[in-house]
Each structure stands twice: as C-alpha cells, then as structure tokens.
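Numbering (our numbering), first residue to last: 10 to 156.
Note that the Cβ used here is the ideal one computed from N, Cα and C, for glycine as well.
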Amino acid sequence: MQTLIIIRPYAVNRGLVGEILTRFEKHGIFFSGLKVHWIVREEAEQLYGQHKGQDFYERLINDMLEGPSIMAVLDTDVLDNESAIKLVRKIIGDTDPAKAEMGTIRGDFGLRIAQNIIHASDSRTAAEREIPIFFEKKEIVKYREKK
Ligand code: ATP
Ligand code: MG
C-alpha cells in the first residue's frame with residue numbers, strides 16, 4: 010500500500026514534525042518517500058480541488074502556501090491498501106480537532122478545524138491521485154525490491 014501524508018506549514022512552524030512522524034513509525038509503517046517542500050498554489054489547488062466553492066477554501070489554500078510542508082509516502086508490507094489507509098486516518102484522527110480522540114495526532118495537537126496540522130489521503134483512489142502531485146516515481150523507494 011502507499012498513501013500520502015502532509016504535515017502542514019502550521020505544524021512545521023510549531024516544531025511538531027518529529028513528534029508526528031514518530032507516531033507512524035511506531036506503528037510499523039515506513040516512509041517510502043519523505044521530503045521538505047514549499048507547496049505552490051497550483052499543487053494546493055490540485056490537492057484540495059474537491060473543496061472549491063466552500064467558504065473555507067481560500068483560507069485552506071493560503072494556509073498551505075505559508076511555509077514549507079513535510080510530506081511522506083507511507084507504506085507497509087503487511088496490510089492491504091484500504092486497511093492501511095484506514096489505519097493512517099485513525100492515527101491522524103477526526104477532521105475536527107475538537108472531535109478527534111485524545112491519542113490521535115489531531116486530538117493531541119490540533120485546535121481548530123480551519124488550522125488542521127496534517128493531511129492524509131482518505132482512500133486508495135485519493136492516494137493514487139495525490140501522490141503524483143508531489144512525488145516523482147524515482148523519489149519513492151520500494152523496500153521489498155532488494156538490490
Ligand atoms: P485532509 O484532507 O486535510 O486530510 P480531512 O480529509 O479530514 O482533511 P476534508 O473534509 O478533506 O477533511 O477537509 C480538508 C481540509 O479543509 C481540512 O484539513 C481543514 O483544514 C479544512 N476544512 C474542512 N472542513 C472545514 C470547515 N468546516 N471549516 C474550516 N476548514 C475546514
Ligand atoms: Mg480530505
């Protein structure tokens with residue numbers, strides 16, 4: 010399986026990167042791709058295009074451009090795609106930090122839905138669409154293909 014997470018500029022600015030990456034790593038999920046990238050408007054609009062027209066859309070796009078993000082392609086060799094994507098979404102927690110369970114990333118570090126600290130693909134289709142916005146094939150390592 011492969012899925013995308015983005016630690017958004019607000020969280021990078023707050024110094025939460027290590028803390029957040031650790032959560033996935035401790036589950037046995039590994040990083041197949043990992044980088045620092047300052048997102049440009051076109052990429053943010055591709056990522057969140059489905060929300061165009063919502064009253065929070067412009068703010069959401071502008072927040073993504075405020076500074077560098079940390080983005081990762083996550084992988085695991087023991088789960089099928091859908092289970093792994095569900096697990097990643099469970100680790101990040103509900104979209105609204107006020108509703109997210111304690112122990113989840115958003116539940117522990119989030120304050121407001123409009124200032125979410127992390128993005129994660131929410132389905133296999135979404136992951137397949139979102140990963141190529143930010144990663145070239147050569148930037149993604151396949152652990153099982155031993156050389
Ligand atoms: P993400 O796609 O970032 O992982 P999500 O899938 O949990 O989040 P979406 O509905 O896709 O939730 O919302 C995308 C982003 O839009 C959220 O992370 C949040 O920053 C913003 N957002 C969503 N709903 C609201 C809202 N009601 N008010 C303000 N911002 C919102
Ligand atoms: Mg979403």
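Under the three-state reduction of DSSP output, Val82 falls in the strand class. In the structure shown, the three-state DSSP call for Gly42 is strand. Pro106 is positioned such that its CB atom lies no closer than 8 Å to that of Val21.
Counting C-beta pairs with one atom in each stretch, the segment 120 to 127 and the segment 137 to 148 have fewer than three that are closer than 8 Å, which means they do not touch. Closest in alpha carbon position to Gly119, among Ala129, Thr104, Ser132 and Arg133, is Thr104. By a beta-carbon distance limit of 8 Å, Ala136 contacts Thr12. Their separation comes to about 4 Å. In this structure, Asp131 has its CB closer than 7 Å to one or more heavy atoms of the ligand MG. Ala129: member of the beta strand (DSSP E) spanning Ile127 to Ala129, first to last residue. Taken through DSSP and simplified to helix, strand or coil, Leu13 comes out as strand.
Annotation note: the segment 19 to 71 contains the following uninterrupted alpha helix (DSSP H) runs of length 4 or greater, listed N- to C-terminal: 26 to 35 and 50 to 56.
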